[in-house]
């Protein structure tokens, strides 16, 4: 019979089974392929978060007056990046169509602003392209978060079955 007055439960009848570490089964080895398959969505989400932040600072750098309040938006960029990675991991490509299109536009505008700084593009053209890049980036972030909410409310992610 178990003695419940002790700070930790102890059963003398099962001491060799419960308390002996040698009788416990070993944890199965974890292969790197299994870890990669389990966490590639998270890795892609972190990569997209970094890409969004780099694009934000590249577009911000091309504006004449710096808007320091944009730094406060970085948590939303992290959420949107993780939303991209999660939706890719779940294979919800139709939900990623709109944010992916806006991301493509953001990439085009960001690269053209960067190349315009090198080539000496006119100031007005650079301002317009940077403003369009900022607008498309905002639409990318908002649409990625909305797509994640839409998918999770319609088809919530379920935990895998227990491995017994």
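In the numbering used here, the protein residues as written are 42 to 205. In this text, a Cβ means the ideal position worked out from N, Cα and C, and glycines have one as well. Remember, predicted model here, so these are calculated numbers, not experimental data.
Measuring only the C-alpha atoms, how far is residue i from residue j?
{"i": "residue 126", "j": "residue 182", "result": "13 Å"}
{"i": "residue 179", "j": "residue 117", "result": "10 Å"}
{"i": "residue 167", "j": "residue 204", "result": "57 Å"}
{"i": "residue 96", "j": "residue 73", "result": "32 Å"}
{"i": "residue 140", "j": "residue 66", "result": "47 Å"}
{"i": "residue 152", "j": "residue 68", "result": "49 Å"}
{"i": "residue 165", "j": "residue 80", "result": "44 Å"}
For residue i versus residue j, is the C-beta spacing smaller than 7 Å?
{"i": "residue 136", "j": "residue 144", "result": "no"}
{"i": "residue 187", "j": "residue 170", "result": "no"}
{"i": "residue 146", "j": "residue 177", "result": "yes"}
{"i": "residue 192", "j": "residue 133", "result": "yes"}
{"i": "residue 130", "j": "residue 82", "result": "yes"}
{"i": "residue 71", "j": "residue 94", "result": "no"}
Which whole-angstrom value describes the C-beta separation of residue i and residue j, a residue pair presumed to lie in contact below a C-beta threshold of 8 Å?
{"i": "residue 100", "j": "residue 148", "result": "With a Cβ gap of about 11 Å, residue 100 and residue 148 do not count as contacting."}
{"i": "residue 89", "j": "residue 122", "result": "4 Å"}
{"i": "residue 185", "j": "residue 124", "result": "5 Å"}
Put residue i into one of helix, strand or coil per three-state DSSP.
{"i": "residue 203", "result": "coil"}
{"i": "residue 193", "result": "helix"}
{"i": "residue 119", "result": "helix"}
{"i": "residue 75", "result": "helix"}
{"i": "residue 144", "result": "helix"}
{"i": "residue 46", "result": "coil"}
{"i": "residue 63", "result": "helix"}
What's the call for residue i, buried or exposed, on a 16-neighbour Cβ count within 10 Å?
{"i": "residue 77", "result": "exposed"}
{"i": "residue 189", "result": "buried"}
{"i": "residue 161", "result": "exposed"}
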